[in-house]
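Quick notes on the structure that follows.
Residue numbers (my numbering): 258 to 544.
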């Protein structure tokens with residue numbers, strides 16, 4: 258009896274069991290069969306509505322903040338920090354709500370990055386981006402309707418622009434870096450290894466994505482107003498209609514940043530570059 262007790266007390270804890278995970282195969286570049294599935298159109302509706310809500314809440318916050326600043330009431334308003342929280346918290350909520358339907362992209366840069374990472378087909382990528390842009394325009398239009406056209410235009414419409422004192426190159430670099438952080442977080446949060454281990458805590462996927470949006474806004478608002486989302490930049494620009502100068506920055510920057518993040522995650526963090534090199538060496542040796 259004593260020996261049994263001792264063995265229990267001195268026994269080493271069992272090694273943690275490995276949680277199995279499954280890597281889905283790369284998405285086909287062209288998959289027109291998706292056009293026959295209701296799940297695609299349901300996802301498009303979810304992306305449209307989510308992006309509409311995102312633009313409505315975030316741009317309304319920006320307009321309110323600027324209105325308070327002009328009236329010297331910044332201490333009673335949301336402030337600079339509140340604007341960043343508005344963007345980040347809204348993304349957290351919307352990714353949580355739509356993640357199971359469309360993946361909760363709400364951003365053409367995220368969609369494009371996932372396409373580069375072979376997570377989406379070209380058909381779904383293009384349709385997602387169209388739905389997101391239309392939703393963004395409608396969301397910004399709602400803000401303009403609520404605030405009134407004159408006030409909306411007087412306060413800049415929440416549109417992105419290169420701030421005074423910063424060059425176009427600096428703004429482009431800020432958009433690239435900010436989008437890289439966001440898309441890198443998306444890939445890390447949705448990695449099959451991580452989701453297999455943490456699937457019992459569903460908020461762990463949208464939470465870091467929302468925080469990524471928040472911290473990037475803190476860093477980039479003074480430079481460009483923070484785009485990192487071409488749909489957000491397009492929606493505000495269409496409604497304001499005076500923010501087209503250097504608008505290309507808010508498309509090219511996110512495209513470069515999302516591509517870099519997708520390749521970094523795929524080739525470096527998931528080791529596909531090393532695996533491909535090892536496969537090449539083994540093939541060469543057999544030859």
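Glycine included, C-beta positions come from ideal geometry on N, C-alpha and C.
Item                                                                                                                         : Value
Inter-residue Cα distance where the pair is residue 504 and residue 381                                                      : 25 Å
Rounded Cβ spacing between residue 519 and residue 356 (contact assumed at less than 8 Å)                                    : That pair is no contact at about 19 Å.
In chain order, each alpha helix (DSSP H) run of at least 4 residues that lies wholly inside the region 395-461              : 406-411, 425-446, 449-455
Rounded straight-line distance, which links the Cα of residue 401 to that of residue 302                                     : 22 Å
C-beta neighbour in chain B for residue 399, strict 9 Å                                                                      : The structure shown contains no chain B; it holds only a single protein chain.
Buried or exposed (CB count within 10 angstroms, at least 16 for buried), residue 299                                        : exposed
Residues of its chain near residue 545, where Cβ-Cβ distance is below 7 Å and the 5 sequence neighbours each way are ignored : Here the chain covers residues 258 to 544 and nothing more, so residue 545 does not appear.
Coil, strand or helix - residue 508 by DSSP                                                                                  : helix
Of the listed residues 312, 469, 285, 291, nearest to residue 492 (C-alpha basis)                                            : 312
Same chain, Cβ closer than 7 Å to residue 283, neighbours up to 5 away in sequence not counted                               : 375
Supposed close pair residue 487, residue 366 - CB separation, criterion 8 Å                                                  : 6 Å
Nearest-angstrom Cα separation, counted from residue 473 out to residue 430                                                  : 13 Å
Residue 299 (DSSP reduced to helix, strand or coil)                                                                          : helix
6 Å Cβ shell around residue 525 - same chain, five flanking residues per side excluded                                       : none
Counted within 10 angstroms of its Cβ, other Cβ atoms place residue 449 as buried (16 or more) or exposed                    : exposed
Integer Cβ distance of residue 351 from residue 339, believed to fall under 8 Å                                              : The pair is not a contact, with the Cβ atoms about 18 Å apart (cut-off 8 Å).
Span separating the alpha-carbon of residue 331 from that of residue 434                                                     : Below a pLDDT of 50, predicted positions are generally treated as unreliable, and residue 331, at 47, falls in that range; no measurement from the model is reported.
Close Cβ partners of residue 425 (< 8 Å) along its chain, the five nearest in sequence each way excluded                     : 419, 503, 506
Contact under 9 Å by Cβ, residue 441 with residue 521                                                                        : yes
Three-way DSSP call (helix, strand, coil) for residue 283 in this model                                                      : coil
Environment of residue 417 [buried if 16+ CB atoms lie within 10 Å]                                                          : buried
Nonlocal neighbours in the same chain, by C-beta distance under 7 Å from residue 438, ignoring five residues either side     : 469, 473
Neighbour-count burial assignment, residue 580, 16 or more Cβ in a 10 Å radius                                               : The structure shown does not extend to residue 580, since the chain spans only 258 to 544, so no value can be given for it.
Residue environment, residue 290, which counts as buried when at least 16 other CB atoms sit within 10 Å                     : exposed
Nearest to residue 482 (by Cα), restricted to the options 344, 309, 293                                                      : 344
Beta-carbon proximity list for residue 342, same chain, < 8 Å, skipping 5 on both sides                                      : 335, 471
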